[in-house]
Amino acid sequence: MASEQGQTASEYIQHHLTHLTYGRYPDGHWGFAHSVEDIRAMGFWSVNVDTLSWSIGLGILFLFLFRIAARSVTSGVPGAWQNCVETIVGFVDTSVKESFHGKNDLIAPLSLTIFVWIFLMNLMDLVPVDFVPHAFYLAGVHYMKIVPTTDPNITFGMSLSVFFLIIYYSLKVKGISGFAAELTLQPFNSKLMIPANFLLEGIGLIVKPISLSLRLFGNLYAGELIFILIAALMPFWAQWTLSVPWALLHILIITIQAFVFMMLTIVYLSMAHEDH
Amino acid sequence: MNINLTLIGQAISFFIFVTICMKYIWPPMINALHERQKKIADGLAAAERGMHEKELAEQRASEILKEAKQQAADILSQAQRRGNELVEEAKDTAHSESERIKQLAQAELEQEINRARETLRSQVASIAVSGAERILKREVDAKAHQKMLDELVSSV
Numbered sequence: 001m002a003s004e005q006g007q008t009a010s011e012y013i014q015h016h017l018t019h020l021t022y023g024r025y026p027d028g029h030w031g032f033a034h035s036v037e038d039i040r041a042m043g044f045w046s047v048n049v050d051t052l053s054w055s056i057g058l059g060i061l062f063l064f065l066f067r068i069a070a071r072s073v074t075s076g077v078p079g080a081w082q083n084c085v086e087t088i089v090g091f092v093d094t095s096v097k098e099s100f101h102g103k104n105d106l107i108a109p110l111s112l113t114i115f116v117w118i119f120l121m122n123l124m125d126l127v128p129v130d131f132v133p134h135a136f137y138l139a140g141v142h143y144m145k146i147v148p149t150t151d152p153n154i155t156f157g158m159s160l161s162v163f164f165l166i167i168y169y170s171l172k173v174k175g176i177s178g179f180a181a182e183l184t185l186q187p188f189n190s191k192l193m194i195p196a197n198f199l200l201e202g203i204g205l206i207v208k209p210i211s212l213s214l215r216l217f218g219n220l221y222a223g224e225l226i227f228i229l230i231a232a233l234m235p236f237w238a239q240w241t242l243s244v245p246w247a248l249l250h251i252l253i254i255t256i257q258a259f260v261f262m263m264l265t266i267v268y269l270s271m272a273h274e275d276h
Numbered sequence: 277m278n279i280n281l282t283l284i285g286q287a288i289s290f291f292i293f294v295t296i297c298m299k300y301i302w303p304p305m306i307n308a309l310h311e312r313q314k315k316i317a318d319g320l321a322a323a324e325r326g327m328h329e330k331e332l333a334e335q336r337a338s339e340i341l342k343e344a345k346q347q348a349a350d351i352l353s354q355a356q357r358r359g360n361e362l363v364e365e366a367k368d369t370a371h372s373e374s375e376r377i378k379q380l381a382q383a384e385l386e387q388e389i390n391r392a393r394e395t396l397r398s399q400v401a402s403i404a405v406s407g408a409e410r411i412l413k414r415e416v417d418a419k420a421h422q423k424m425l426d427e428l429v430s431s432v
């Protein structure tokens, strides 16, 4: 597949790592980028149409599928789909109850959304790397990245949302003075140590969303890259020897990453709710 | 790999999805789960209660059975006693009845004897007279010997 459309391996890889981008050209007009240089020129004022669309599409899929179960839900004998959804809901509910001891109706649905949505986005990684992009290529769309979580914009979009929730609940539960005290009077309880405390706690706070998103992004990006490398560098009849074991391992990774993102969100928000 | 508007788009969709999930998906699901949990707990409690009640009922049933057996035995012995009494009574009655009948029969017998005696008396007189007539070969004046005859009759 590497030499398809006369590409070299590095061109193939580059092509697979480029987003379908819609943005503002330096001259002011809006349009789809045609090359990596265009994308670079657009800078911040651009949208990765592919990952964002897949992300929203998968989010809607999640809501749709779960809404089907929720609409006809019964406390009697559940159907097959309701049973499946109940398992996930019960699992998330247990995780939340174990880690989050405050009273907040947002945490559980938030966790469910994070878990299922990220799982679905990660799941796109198991779709063979050329299927969807090539279909879009035939339809005239040149770039198509279908795994939203390999786009740092997506992972940061979620982790920063979580970060804002952390700030919001910290302020709401502890008040401004409580939150400030937490940032400045720990771990060394002395007036002299306020700057050092603030530095430590500030970094600890800022690092939360960054670690949250980079962990997810790094895992998925690396996984996707390995799939692309396998597809680019091996003859098509031998690819399965590496891609199948990697895919099997990846089933574990995508689930764990979705779970870790959810668990850390719960833990961070739980810490935000703790009033000292 | 540059950071761009996608981030904001993702954040907005994230908030929208979470809101929808919180409104339309989580509450019905978790309510159903809790409801089923409660149902199962109730069912288990009911089963426990049923078991307990069954034990009590069994106990009561065996008690009633025992009582009934006792009662049956009592009734049986009472009936036996009553039966014996009846037999005794019947014996007594029969005895007294037979006495009565015997007495009656005796009285009748005596009556018969007396009547027979009367008849005999009256006939003996005439037989004696006719006998005497034959002996004397003549007519006896019954009137003349009436006194003697009467004496004779009364001595029979």
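So the protein lines, in turn, are chains V and D. So for the first sequence, this note's numbering puts the first residue at 1; every next one is plus one. So for the second sequence, this note's numbering puts the first residue at 277; every next one is plus one. We put the beta carbon where it would ideally sit given N, CA and C, even for glycine.
Tell me, please, which residues DSSP counts as bridged to residue i.
i	result
Gly-285 (chain D)	Partner(s): none; Gly-285 (chain D) has no beta bridge.
Val-47 (chain V)	V:Tyr-22
Asp-30 (chain V)	The residue you asked about is not Asp; residue 30 (chain V) is Trp in the sequence shown. DSSP output for Trp-30 (chain V) lists V:Arg-24 as bridge partner(s).
Below 8 Å on C-beta distance, what does residue i contact in chain D?
i	result
Asn-83 (chain V)	Within 8 Å Cβ-Cβ: nothing; Asn-83 (chain V) doesn't reach chain D, min ~11 Å.
Thr-51 (chain V)	Thr-282
Leu-106 (chain V)	Val-294 and Met-298
Asp-93 (chain V)	Ile-306 and Leu-309
Under 7 Å Cβ to Cβ from residue i, same chain only, skipping five residues before and after it: list those, please.
i	result
Phe-261 (chain V)	Ile-114, Ile-118, Leu-212 and Leu-216
Ala-247 (chain V)	Leu-126
Phe-259 (chain V)	Phe-115
Ile-107 (chain V)	Val-96, Phe-100, Ile-266 and Leu-269
Lys-413 (chain D)	none
Ile-284 (chain D)	none
Counting only Cβ pairs nearer than 9 Å, list the residues of chain V close to residue i.
i	result
Arg-312 (chain D)	Thr-74, Ser-75, Gly-76, Pro-78 and Glu-86
Ile-279 (chain D)	Phe-44, Pro-152, Asn-153 and Phe-156
Lys-345 (chain D)	What Lys-345 (chain D) touches in chain V: nothing, since even the nearest Cβ is about 48 Å away.
Taking residue i as the query, report the chain D residues whose CB atoms sit under 7 Å from its CB, ordered along the chain.
i	result
Met-158 (chain V)	Gln-286 and Phe-290
Trp-117 (chain V)	Phe-293
Lys-47 (chain V)	For clarity, residue 47 (chain V) is Val in the given sequence; the question names Lys instead. Result: Asn-280, Leu-281, Thr-282 and Gly-285.
Gly-59 (chain V)	Ser-289 and Phe-293
Ile-56 (chain V)	Ser-289
Thr-113 (chain V)	Phe-293, Val-294 and Cys-297
Leu-110 (chain V)	Val-294
Suppose the cutoff is 6 Å on Cβ atoms and the five residues either side in sequence are ignored; what does the same chain contact list for residue i look like?
i	result
Ala-41 (chain V)	Pro-26
Gly-23 (chain V)	Met-42, Trp-45 and Ser-46
Leu-160 (chain V)	Pro-209
Thr-150 (chain V)	Leu-220, Tyr-221 and Glu-224
Leu-112 (chain V)	Val-92
Val-49 (chain V)	Leu-20 and Tyr-22
Leu-185 (chain V)	none
So which residues of chain V does residue i contact, with C-beta pairs closer than 8 Å?
i	result
Met-305 (chain D)	Phe-66, Ala-69, Ala-70, Val-73, Val-85, Glu-86 and Val-89
Leu-320 (chain D)	Result: empty, since nearest Cβ-Cβ is about 15 Å, beyond 8 Å.
Leu-341 (chain D)	The contacting residues do not exist; Leu-341 (chain D) stays about 41 Å from chain V at best.
Ile-296 (chain D)	Leu-63
Quick one: which chain V residues come within Cβ less than 7 Å of residue i?
i	result
Ala-435 (chain D)	Residue 435 (chain D) cannot be examined here, being either before or after the span of chain D that is shown, 277 to 432.
Lys-315 (chain D)	Ser-75
Ile-351 (chain D)	Those within 7 Å of Ile-351 (chain D) in chain V number zero; the least Cβ separation is about 54 Å.
State the CB to CB distance for the pair residue i and residue j, rounded to an integer number of angstroms; the pair is presumed to be in contact (CB under 8 Å).
i	j	result
Asn-122 (chain V)	Leu-249 (chain V)	With a Cβ gap of about 13 Å, Asn-122 (chain V) and Leu-249 (chain V) do not count as contacting.
Ser-289 (chain D)	Ile-203 (chain V)	In fact, because the Cβ distance is near 30 Å, the residues do not count as touching under 8 Å.
Val-173 (chain V)	Tyr-268 (chain V)	The pair is not a contact, with the Cβ atoms about 13 Å apart (cut-off 8 Å).
Pro-304 (chain D)	Val-73 (chain V)	5 Å
Thr-282 (chain D)	Asn-153 (chain V)	4 Å
Pro-187 (chain V)	Ile-301 (chain D)	Going by Cβ atoms, the distance from Pro-187 (chain V) to Ile-301 (chain D) rounds to 40 Å, so no, they are not a contact pair.
Ala-287 (chain D)	Gly-157 (chain V)	4 Å
Gln-171 (chain V)	Phe-164 (chain V)	It should be noted that the sequence gives Leu, not Gln, for residue 171 (chain V). Contact doesn't hold; Cβ gap of about 11 Å is too wide.
Ile-13 (chain V)	Ala-238 (chain V)	Rounded, the Cβ-Cβ distance is 18 Å, inconsistent with contact.
Leu-61 (chain V)	Leu-138 (chain V)	Contact flag wrong, Cβ pair sits at about 24 Å.
Leu-320 (chain D)	Gly-90 (chain V)	Actually they are not in contact, since the Cβ atoms of Leu-320 (chain D) and Gly-90 (chain V) sit about 19 Å apart, beyond 8 Å.
Ser-428 (chain D)	Ala-401 (chain D)	In the sequence as displayed, the identity of residue 428 (chain D) is Leu instead of Ser. Right, their Cβ atoms sit about 7 Å apart.
Trp-81 (chain V)	Ala-70 (chain V)	Not a contact, Cβ separation roughly 11 Å.
So, for residue i: in the same chain, excluding its five sequence neighbours on each side, which residues have a beta-carbon less than 8 Å away from its beta-carbon?
i	result
Pro-78 (chain V)	Glu-86
Gly-175 (chain V)	none
Met-263 (chain V)	Ser-95 and Ser-99
List, in chain order, every chain D residue whose beta-carbon is nearer than 9 Å to that of residue i.
i	result
Gly-23 (chain V)	Asn-280 and Leu-281
Which chain A residues sit within Cβ distance under 7 Å of residue i?
i	result
Ser-161 (chain V)	Absence of chain A from the displayed structure is noted, the protein chains being V and D.
Check your understanding: So, do the region 183-203 of chain V and the region 292-301 of chain D have three or more beta carbon pairs nearer to each other than 8 Å?
Key -> The region 183-203 of chain V vs the region 292-301 of chain D: no contact.
Point to revise | Three-pair Cβ contact test at 8 Å for the region 261-276 of chain V versus the region 99-113 of chain V | key: yes
Review point. Taking contact to mean at least 3 C-beta pairs separated by less than 8 Å, is the region 145-152 of chain V in contact with the region 15-22 of chain V?
Key: yes
Review point. Should the region 123-138 of chain V be regarded as contacting the region 225-244 of chain V, the criterion being three or more beta carbon pairs within less than 8 Å?
Key: Two segments are said to touch when three or more pairs of C-beta atoms, one from each, lie closer than 8 Å; by this definition the region 123-138 of chain V touches the region 225-244 of chain V.
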